[in-house]
Structure formats: C-alpha cells, structure tokens
Amino acid sequence: MNKWKKKSPTTNKPYKRPTLTGDGFGGRAGFFLARALTNIRQNVFVNVVTIGTITLALLIVSLFMLIFVNLENAAENWSERVQVTVYFDEDLTEQTQVAFRDKISALSGVSRVNYVTREEAMRRFKNRLKGQETLLEGVRPEILPASFEIALKRTHRDTASVENFVNTLKKMPGITEVQYGEEWVRRFNAFLNFIRLLGALLGGFLIIAVIFIVSNTIKLTIYSRRDELEVMSLVGATRFFIKAPFLLEGLIQGAAGSFLSVLMLFALYEGFLHNAGSFLTFNPASSGLSFLPLEYIGGLLLAGALLGFIGSLTSLKRFINV
Amino acid sequence: MIQLHNVSLAYQQDASALNNIDLKIAKGEFVFLTGPSGAGKTTLLRLLYGALTPNRGQVLIDGKNITRMTQSQIPILRRSVGVVFQDFKLLHNRTVFENVAITLEVLGWGRTDIGKKTMHILKQMGIESKYNLLTQRLSGGEQQRVALARALVNDPKILLADEPTGNLDDANKNQILNIFKEANIRGTTVVVATHDRRLIDQSHKRLVTLSKGEIVEQVEKEIPDDEQAI
C-alpha cells in the first residue's frame, strides 16, 4: 500500500512512513487503554448503569458470602467439642503415659493430646457440682478413671473419620474404654452438611443469576454501540483491534463494580452487621459477625473483573460479524 | 484492479440480486454504476469490500481473490478500499476529527501523524474548522464530506461510493464530484453507484448500467478536451 502511495504524483511532500503506535506490545496496549478510557468518558450513562448493576449483583453475592463465612466459623467453633476420650482404670506411670501419648499422637488427625489424672478428674467433677460439694464427701479420686483427651484436626471431625479413629484406638492394647459423644458428633455433622449443601445451592443460584444479569447488561451496552463495531470493521480493523478496547472497558467496569460492592459491604458491616448475630457462637469473646477474610475480598475483586471481561467477550462474539 | 467473473449472488434462494456479472475495472479508472433501485448497485459494491461473498463466480481486487479470503484477510483488504456509504455511517457521539482518524488508528499510525494527516484531509474537504464538532451537529453536505474524508484519508487504492449525492444540493454535488475526480487523478480507482443522471452526464466517465441484477449497458465516455488538459 505504501509502495502505491509513494507514486502518487500530487502529494506535495515526499511521503514518509508514519511512526506506528503498534510497534511493540506496549504501544498497542497504551492505545487500547486510552481508547477504553475515552469510550467510558463518552458513554458515561451506559457505564454508570453497567457498573451499578455489577456493584449491586456482587453486593448480594458478597453479603451471602459474609453470612456463609460466619456460619462456617461458628460451626468451626462448635466442632472444637468433637473430642475423643480414652479411659484407663488406673493412673499411668510417667513412662506408660509418655508411651501412650507418643502412640496416640502418631495417629493421623490428632491435633492435641491431654492427660487427665484422677485428681484432675475429681477437681472437674467438683466444679460441675458447685454448691452441692457435700454429695462428694468421702468420695476419693480413685473411683474416677484417668484419661487422655484427644482433640482432632479440623479435617478429621466428620462422623466417618471419628469412628475410624475410635476403632484404631480400641485396638490398642491397654486401652479399656473410648468415648466420643457419638450421637452428638453424628447430628452435628449432619447439620453441617445440610448447611453446606444449602449454601452451595443458594450460592450457585446466586452466581448464575449474577452472571446472567451482568452479561445481559453488557450485551445491551455493546448493542447500543454496534455501529461503532461496524464502522471499525469497515475501515479494516482486525477482530482483535475492535475487541481489545471493549474487553478492557469490561475489565474496568467489572473491577470498578466489584470494588464498589466491597466498599458498600464494608459500610454495611461497619454500620450494623458487625454486632449482629451473636446467637451464632457460644464464645462471648468473638460475638458478632466478622468481616470477609482478605482472600475472599481478593477473590471478589478478581471475579468482578473477570465477569466484566468474559461478559464483554461473549457479547462481542455476537455482534462482530460484519 | 477490479475483476468480476460470472458473479452471481442471491440473498434468498428464489430472488437473485446479481446474475452472471462480468466486469473489469482497470487501475485508475473512474466508473459510474447506475440503474433503477433494486438493480443490484449496492450489492455489487458490497462484494467489492468483502461484506458479501458471491454464491458463484470470482471477485478479484488488486489480483487477490476475495472469495478465497479468510476472516483475517478481509480487514487487510478493507484498508486499501475506502467506502462512502449511503447513510454515511458516522459515529455521532464522536467529533469530526475522531471519525476521520479512526481509519488511521486502525492502521496503527502514531498520534502526531494521525493529527497531521487528518487535518490535511479535512482542509481538502473544506471542513477543517469543524474538526472538534460532533458529527450530529453537521449539515448533510458536511456529514457527507466527513464520510469522504474518512474514506480517503489513507489514500486508498479503491474508492467506493454509494449514492454519494443523494440529498445534496447542486453546489454540494459539484464539490463532491470534484473531490472524487481529484482522488482519481491521484491514482485512486473510483466506483460510484448513483442514479443521478446529471452527475453522470457532467463527468464524462465510463458508465455501467445494471438492471435486475444484470449488466445491461456499458458506455465508454470520451474524455473531453478540457479534462485531458489537466
């Protein structure tokens, strides 16, 4: 093409090859970004609507996440009570105690092993019967068994794991009795599974709804600018060249929307959520809801940007066919 | 420059828009396409910038067969073909300057060069003072010139125009015609679809008449003495 241009007889100045912005990735990226920002400035209303939609949609999701995360935390606290106790008829000598502790600690899933002597057991018993200590008069610690209290790791607190663990313990020579609040563990885990299933279902529906709403909003905004796509294509722009600014715009919209939604969530949280919901935990120190952990916030921001990007990508596919 | 061999095209199975078209346009030629509405003028032009592919036959532009081009080759073709549309297809939320510069942005030109070249062509069109106005604020004639500037700013090998004088008064028509002629003199092959008899008569150029999708008449206009002198 340039070869032909040089031949044109009436061009006054000798024709110079124009400097190209497209030399190198940086130049192109700069141009696309500038184009995207100009587009946002020139279509303020459309962009406000899109960002607003993304903000609200993600706010709903993040609220849901906040509640779910707090429920999980509460469940986590409750599950601390999953504990296995091993009883011995007699107090163990220092040596056997260490030997048992080592053996038990070596089992998978054990997080903490605590030896309770007969005296310690007696003290606890007395504590429980506060005000009625007279009942225990004449009772000596020897009637109570010594025991190991075994706390389990988080991943080993489900019913099957606990049962497995107990069976292994029972096979150990020297152990007479193992207790673990069987019924409670089973009910607690059933409840936990139910909550998780409910959360996954609701979350899944929410996410599908958000993707649907956001992608349709983006589709409409791109539809309103289809003449731009057409003109670009008619003057010889490649598909990538047409798409890139729109994709960047989607990315910016998504990121802005998710950022705003996190801000709004934080405002809501600071406003009245953080001292609500103390019914969820029994621990008075941690009453009230906690805010989303950092990785969730990061995930939300990333998801927003991705939502904008993919929404634009799928919408563009439909309109670039000139 | 442009060659069509046995080109047929039907939008729907029953009605054919173009039928067995054979047409050769040499480099640097100026050709008018005419005929009644629905004769296939616009369809023919659309074939030439790759917006349509024929059902049958071959379309060659500058030696390259459009019918065998891949998706990614069409944009490259369009960069050497300037098109002026019947409805201008300007972007109304952008300024005159931005509308014209888009052609050069697509080519990847730098900012300064785009600025210089765009202002240069706007000056040629006589609308350089309006460069910062939104195109929706312009009159029909001015919009037409913006569309022309956008088509010509990168000195295309071929200029296609569809009813370029549709709604213009005589003074404007003459100016537009002169712009076409100047582009033609600089070496651009020009194809203008119109049913404006006066425009055709004034310009003494080759005339191809279409009717019901077929070429019914071809007239090679003699070049009058006063034009040969240029």
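Residue numbers (this note's numbering), protein chains in the order written: chain B, 943 to 1264; chain W, 120 to 349. The C-beta atom is built at its ideal place from N, Cα and C for all residues, glycine as well.
Using a cut-off of 7 angstroms between C-beta atoms, extract the partners of residue i located in chain B.
i            : result
lysine 378/W : Missing from the structure shown is residue 378/W; chain W here goes from 120 to 349 and no further.
valine 202/W : Leu1176
Report the neighbours of residue i on chain B: residues whose CB is nearer than 8 angstroms to its CB, in chain order.
i                : result
asparagine 212/W : Gln984, Asn985
threonine 222/W  : Val1177, Gly1178
isoleucine 195/W : Gly1178
arginine 316/W   : Those do not exist, as arginine 316/W stays about 29 angstroms from chain B at its closest Cβ, beyond 8 angstroms.
serine 191/W     : Thr1180, Arg1181
Please identify the residue among the options whose C-alpha is closest to the C-alpha of residue i.
i                    : options                                    : result
glutamine 321/W      : Arg213/W, Gln294/W, Gln205/W               : Gln294/W
glycine 176/W        : Val272/W, Leu137/W, His323/W               : Leu137/W
isoleucine 298/W     : Ala266/W, Leu326/W, Leu329/W               : Ala266/W
leucine 1086/B       : Arg1065/B, Glu1237/B, Gly1145/B, Val1040/B : Arg1065/B
phenylalanine 149/W  : Ile121/W, Val310/W, Ala220/W, Ile334/W     : Val310/W
glycine 1196/B       : Thr1097/B, Gly1250/B, Val1173/B, Leu1143/B : Gly1250/B
leucine 1204/B       : Phe987/B, Ser1089/B, Asn1019/B, Val1003/B  : For the record, residue 1204/B in the displayed sequence is valine; it is not leucine. Among Phe987/B, Ser1089/B, Asn1019/B, Val1003/B, the Cα nearest to that of valine 1204/B is on Val1003/B.
glycine 159/W        : Thr307/W, Ala129/W, Lys249/W               : Ala129/W
phenylalanine 1233/B : Leu1005/B, Thr1038/B, Asn985/B, Phe987/B   : Leu1005/B
glutamine 984/B      : Arg213/W, Ile144/W, Pro275/W               : Arg213/W
leucine 998/B        : Lys1259/B, Leu1202/B, Glu1212/B, Ser1103/B : Leu1202/B
histidine 323/W      : Ala290/W, Leu296/W, Val200/W               : Leu296/W
leucine 1293/B       : Val1081/B, Phe1136/B, Leu1034/B, Gly1192/B : No answer is possible for residue 1293/B: it lies beyond the span of chain B, which begins at 943 and ends at 1264.
threonine 1101/B     : Ala1186/B, Phe1133/B, Leu1144/B            : Phe1133/B
threonine 995/B      : Leu1190/B, Leu1231/B, Thr1159/B            : Thr1159/B
alanine 976/B        : Glu1124/B, Phe1030/B, Ile1194/B            : Ile1194/B
glycine 972/B        : Leu1190/B, Leu1000/B, Gly1213/B            : Leu1190/B
glutamine 190/W      : Ala1209/B, Gly1240/B, Phe1182/B            : Phe1182/B
alanine 1198/B       : Ala1017/B, Leu979/B, Pro1235/B, Ile993/B   : Ile993/B
lysine 146/W         : Glu336/W, Val200/W, Glu261/W               : Val200/W
glutamate 1018/B     : Lys1095/B, Thr1180/B, Gly1051/B            : Lys1095/B
valine 203/W         : Leu223/W, Trp228/W, Gln262/W, Pro173/W     : Gln262/W
Run through the DSSP bridge pairs and tell me what residue i is partnered with.
i                   : result
glutamate 336/W     : Thr328/W
tyrosine 898/B      : Outside the displayed range of chain B (943 to 1264) lies residue 898/B, so it cannot be described from this structure.
aspartate 281/W     : Ala312/W
valine 1104/B       : Paired residue(s): none; valine 1104/B is not in a bridge.
histidine 124/W     : Gln177/W
isoleucine 1164/B   : Paired residues: none, contrary to the question.
alanine 129/W       : Ser135/W
phenylalanine 151/W : Val311/W, Leu326/W
threonine 214/W     : Leu253/W
lysine 183/W        : Ile180/W
leucine 142/W       : Leu123/W
arginine 1054/B     : Ala1093/B
valine 202/W        : Leu279/W
Just the chain W side, please: which residues come within less than 9 angstroms of residue i by C-beta, in chain order?
i              : result
valine 988/B   : Under the 9 angstroms cutoff, chain W gives no residues; its nearest Cβ is about 10 angstroms from valine 988/B.
glycine 1173/B : A small fix is needed here, since residue 1173/B is valine in this sequence, not glycine. Per Cβ cutoff of 9 angstroms: Lys208, Leu209, Leu210, Asn218, Ile221, Arg269.
Can you list the residues of chain W that residue i reaches, using a CB-CB cut of under 7 angstroms?
i                    : result
phenylalanine 1183/B : Val225
glutamate 1170/B     : Leu210
Can the beta-carbon of residue i be found closer than 8 angstroms to that of residue j?
i                    : j                    : result
proline 194/W        : glycine 1178/B       : yes
methionine 1174/B    : valine 225/W         : yes
glycine 154/W        : leucine 329/W        : yes
alanine 1093/B       : arginine 1128/B      : no
leucine 326/W        : isoleucine 319/W     : yes
glutamine 122/W      : leucine 179/W        : yes
valine 1026/B        : valine 1156/B        : no
phenylalanine 1107/B : leucine 1049/B       : yes
glutamine 205/W      : glycine 259/W        : no
alanine 290/W        : leucine 271/W        : no
threonine 237/W      : leucine 278/W        : no
arginine 1138/B      : valine 1024/B        : no
glycine 1246/B       : leucine 1001/B       : no
isoleucine 140/W     : methionine 120/W     : no
phenylalanine 974/B  : proline 1187/B       : yes
isoleucine 1020/B    : phenylalanine 1136/B : The question names isoleucine, but residue 1020/B in the sequence shown is tryptophan. Contact: no.
arginine 187/W       : asparagine 218/W     : no
phenylalanine 216/W  : asparagine 251/W     : yes
threonine 254/W      : leucine 209/W        : yes
Contact criterion: CB-CB distance below 8 angstroms. Does residue i meet it with respect to chain D?
i              : result
arginine 325/W : The structure shown contains no chain D; its protein chains are B and W.
At least 3 beta-carbon pairs within less than 8 angstroms: the region 311-321 of chain W vs the region 234-249 of chain W: No: the two stretches stay apart, fewer than three of their Cβ pairs being nearer than 8 angstroms.
Cβ contact (3+ pairs, closer than 8 angstroms) linking the region 1005-1024 of chain B and the region 1051-1071 of chain B: Counting Cβ pairs under 8 angstroms, fewer than three are found: no touch.
At least three beta-carbon pairs within less than 8 angstroms, the region 1142-1153 of chain B to the region 155-171 of chain W: Counting C-beta pairs with one atom in each stretch, the region 1142-1153 of chain B and the region 155-171 of chain W have fewer than three that are closer than 8 angstroms, which means they do not touch.
Segment contact, 8 angstroms Cβ cut-off, at least three pairs: the region 1098-1115 of chain B with the region 1065-1076 of chain B: No, because fewer than three Cβ pairs between the region 1098-1115 of chain B and the region 1065-1076 of chain B fall closer than 8 angstroms, the two stretches do not touch.
Contact the region 1161-1171 of chain B vs the region 1254-1263 of chain B: 3+ CB pairs below 8 angstroms: Yes: the two stretches touch, three or more of their Cβ pairs being nearer than 8 angstroms.
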